[in-house]
Structures are given as structure tokens and as C-alpha cells.
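Chains A and B are the protein sequences, given in the same order. The first sequence: position 58 = 58 (the UniProt record's numbering), numbered continuously. The second sequence: position 146 = 146 (the UniProt record's numbering), numbered continuously. From the three backbone atoms N, C-alpha and C, an ideal C-beta is built for every residue, glycine too. Here's the structure, in C-alpha cells; my notes come after.
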Amino acid sequence: MIIPVRCWTCGSLIADKWEEFHERVENNENPEKVLDDLKVNRWCCRRMLIAHIDLIDEILPFS
Amino acid sequence: MDIDIIELLPNSVKFILEDTSIAFANAIRRIAIAEVPTLVIEDVYVLKNTSPLFDEFIAQRLGLIPLKYDADTLELNFRDECDCNGIGCNLCTVTLTISKETSQEPAIVYSGDLISSQEGVEPISSKIPIVKLGPNQALELECMAQLGTGKNHAKWQPVSAMGYQFYPVIEIDHEKIKDPKKVADACYRNVFSIKNGKLTVENLLNCNLCGYCTDFAEPGAVQIKHDSSKIIFSFEINNGMPPSKLMEKAGEILLSRIDELKNKLEVITTSEEE
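Laid out in C-alpha cells, this is it:
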């Protein structure tokens, strides 16, 4: 759907890092490096960004 | 008690507490998680929502946004302890509003679109996506932020990943070890290195006392012990408060609890004497 605001496990903020992460990974950067750059250190937070699929555009017409 | 800081970043800290006990570290940890007050959106009035997400969905996302709030410059009351009897007034509530409309192009509503009624109160980051609006959709909300503590809801928790471990003590018997390289390679946290053919401890603080390396050494050759009077403490801050400030607050709350207990015990003992 849309990126969760906080990590489900530890509660730290991740939503503000999604756009940069997504853009850089789309440009064929290594996700591991991008996550390190964004200082997402724990694997609970890393999986939030890695495993997320943005589906908000699919439901956009249904207001 | 001594504090030795290993790493201090704007939103996280790692330090060693010396001459202390695990009970004290746990008291600090529990208070920091559950009792230090923070400011977060609690009530949302939806005036207009034609976005693809439900009202409740948006309200939940707004509630999770950490808000910057400095307790020294802005004194707020807990709503149930305020003079307004829980109705909500300037002394216990901060209002934030969003109003965004799209014409032909879709747009994302960010936390930066929240307009605060109080100076100094704003979302910690302006880049948190709240909802995406399609063509000709609108969102108009009024949010009431109030003080709360982590014991009521995790959204008020000022810290994440707060934890501690004992200080590691690694004892190596060089005569017993036949293959030092095997032991060094076994450690997945790179604690050991090999110098002059001998197994040496390189990064002691990386050790998390798992004891996996002892499976690769001869019995008794490598012993992983801990010093229970030394504790490695680490945590990360969610709401922009400096880490030292959080520890200070947790300490204040702990002291006030102890004072409360002491006063109550004094009342009991004096009444028994009478």
C-alpha cells in the first residue's frame, strides 16, 4: 500500500527514507549500500524498506 | 558510577555504565521506554477526505509521526491532569492542520504539510508520506496532539531499540589452542584477529557473549565470561530529543518515584508508632 511510518519491530522512523531509497535502487544502486548510507542499521528496519511494494498508485482512482 | 561514552550521534548513543547493577540499568530502561512523556497526535477531526485511504488509516499514520517538542521552552500538561478537565485547551493540546487539494496532477501529502498552531512543535521530518491524492481529490484535517507516555501507546515511546548487555571478558589459553584461525573465523562479529600466530582480541566491544567461538576451540581454551558490574547500554531516539536529555529525564522520574515511595513508607511507619 503505502510505506509504514515506523518500523513494526523497533518503532524507529523509516517513512522519510523511502523515497530516497526507492529512487536510488531504481537507478541500479546496491540496496545494501543505500541502506547503510541512510543509516538504517538494524535488520528489522532494513526489511521494512527492502520488502515494501508501493501499491498506492493502483488504488488512486478509487476515492 | 562512571559513564564511558563509546559512540554519540545526534539521535543515538552507546555507552558503558560502570560500578552498577543490572537492576539499575533495567530501571532506567523501563522508565525511558514507558514513562518519559512525548508529544504525538491523538485526535483527528476529518473535515474532508476524498483520498483513496480511509479516515482511520490516515489518522493512524498521523499518530505515528514523531513531533519535535522541547519540554523546557513549552510547558504542556497531561490532558487528564490539566485545569480544563480533559476537554482540551492551549495548556495541554497543540493543534496541527492539513489542507491539500489536487487538480489534474496527483500529489503526495507529506508531514511537512502539517501546519502547527504552536511554535517549536513540528514533525521531526518533513518528508514522511501520509497519503497520495489522485486527480481532483482533497484532504482537510484538524489534528490534536497531546502529551502521553509509552505505557499507554507505543507511539509515545521516545526511544527505540533500547537495550543493554554485560561487558564481555574473554580469556584465551594460548597453549591449548591448536588452530587459532578457525576460532577467529568462527566469530561472525569479528572480535578476534591473529597476531604473530596467536589469537588476540581485537574488537572486544563487538562481542555479544554468544559463545559460538568456544565450539571451535579446544575445551577450556577460549572462555567467554562477563563482568556484571559493567553494562553496555545503547539506544536510539525517535523524537529529536538529545540522548543525554532523555537519560536526564528518566533519572528525574526514577528519583521522583523513589521519593514517593519513601514518603509513603514514612507515613506508614509514623502511623504504626502512634
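Next on the checklist: Against A:R6, what residues of chain B qualify as contacts under a CB-to-CB distance less than 7 angstroms, listed in chain order?
Outcome noted: Residue numbering aside, residue 6 of chain A sits at position 6 when the first sequence is read from its first letter. Annotation: Cβ neighbours of A:R6 in chain B (cutoff 7 angstroms, chain order): L64.
Checklist entry - Which one of B:F78, B:F24, B:L67 has the shortest CA to CA distance from A:L12? => result In the first sequence, the residue the question calls residue 12 of chain A occupies position 12. Before going on, a small fix: residue 12 of chain A reads as Ser here, not Leu. Checking every option, the nearest Cα to that of A:S12 belongs to B:L67.
Checklist entry - Since B:K151 meets chain A, which of its residues come closer than 8 angstroms, beta carbon to beta carbon? => result On the second sequence, residue 151 of chain B is found 151 positions in, with the first residue counted as 1. What B:K151 touches in chain A, judged by beta-carbon distance under 8 angstroms, is nothing: the nearest beta carbon there is about 14 angstroms away.
Item to check | Inter-residue CB distance, B:V121 and B:L53 (contact presumed, cutoff 8 angstroms) | outcome: For the purposes of this step, residue 121 of chain B is taken as residue 121 along the second sequence, with counting starting at 1. For the purposes of this step, residue 53 of chain B is taken as residue 53 along the second sequence, with counting starting at 1. Not a contact, Cβ separation roughly 25 angstroms.
Next on the checklist: Contact defined as beta carbons within less than 8 angstroms: I believe B:Y167 pairs with B:I232. What is the distance between those atoms, to the nearest angstrom?
Outcome noted: Translated into the one-based positions of the second sequence, residue 167 of chain B becomes position 167. Translated into the one-based positions of the second sequence, residue 232 of chain B becomes position 232. Correct: roughly 6 angstroms between the Cβ atoms.
Checklist entry - For the region 75 to 84 of chain B against the region 157 to 171 of chain B, are there 3 or more C-beta pairs whose distance is under 8 angstroms? => result Between the region 75 to 84 of chain B and the region 157 to 171 of chain B, the count of Cβ pairs shorter than 8 angstroms is below three; the stretches do not touch.
Next on the checklist: Does residue 64 of chain A come out as helix, strand or coil in the three-state DSSP assignment?
Outcome noted: As shown, chain A starts at 1 and ends at 63. That puts residue 64 of chain A outside it, with no answer to give.
Item to check | First and last residue of the uninterrupted alpha helix (DSSP H) at B:D55 | outcome: Numbered from its first residue, the second sequence carries residue 55 of chain B at position 55. Membership of B:D55 in the alpha helix (DSSP H) is indicated by the continuous run 55 to 64.
Item to check | Simplified DSSP state of A:R42, which is helix, strand or coil | outcome: Numbered from 1 along the first sequence, position 42 holds the residue referred to as residue 42 of chain A. A:R42 falls in the coil class under three-state DSSP.
Next on the checklist: Quick check for students: name the residue ranges of the alpha helix (DSSP H) that lie wholly in the region 13 to 45 of chain B, counting only runs of 4 or more.
Outcome noted: For the region 13 to 45 of chain B, whole alpha helix (DSSP H) runs of length 4 or above, ordered along the chain, are 22 to 34.
Next on the checklist: Check for me: the beta strand (DSSP E) holding B:I177 runs from which residue to which?
Outcome noted: Start at 1 with the first residue of the second sequence, and residue 177 of chain B comes out as number 177. Element bounds for B:I177: n/a, residue is neither H nor E.
Checklist entry - Who are the near neighbours of B:A250 in its chain, counting only those whose CB is closer than 8 angstroms to its CB and skipping five residues on each side? => result Translated into positions along the second sequence, residue 250 of chain B becomes position 250. The beta carbon of B:A250 sits closer than 8 angstroms to the beta carbons of I28, I31, A32, E35, V36 from its chain, once the five residues preceding and following it are set aside; these are given in chain order.
Checklist entry - What whole-angstrom Cβ distance do B:N190 and B:N206 have, given they're in contact under 8 angstroms? => result Residue numbering aside, residue 190 of chain B sits at position 190 when the second sequence is read from its first letter. Residue numbering aside, residue 206 of chain B sits at position 206 when the second sequence is read from its first letter. Right, the Cβ-Cβ distance comes to about 6 angstroms (below 8 angstroms), so this counts as a contact.
Item to check | Under 9 angstroms between C-beta atoms of B:I65 and B:L114 | outcome: Here residue 65 of chain B corresponds to residue number 65 of the second sequence, with the count starting at 1. Here residue 114 of chain B corresponds to residue number 114 of the second sequence, with the count starting at 1. The answer is yes: Cβ separation under 9 angstroms.
Checklist entry - How about B:E101 and B:L139: do their beta carbons lie closer than 9 angstroms? => result In the second sequence, counting from the first residue as 1, residue 101 of chain B sits at position 101. In the second sequence, counting from the first residue as 1, residue 139 of chain B sits at position 139. Using a Cβ distance threshold of 9 angstroms, B:E101 and B:L139 count as a contacting pair.
Item to check | Proximity test, Cβ basis, 9 angstroms: A:L60 and chain B | outcome: The residue given as residue 60 of chain A occupies position 60 in the first sequence. Using a CB distance cut-off of 9 angstroms, A:L60 counts as an interface residue toward chain B.
Item to check | 9 angstroms Cβ cutoff, B:S116 in contact with chain A | outcome: Translated into the one-based positions of the second sequence, residue 116 of chain B becomes position 116. No, no contact with chain A.
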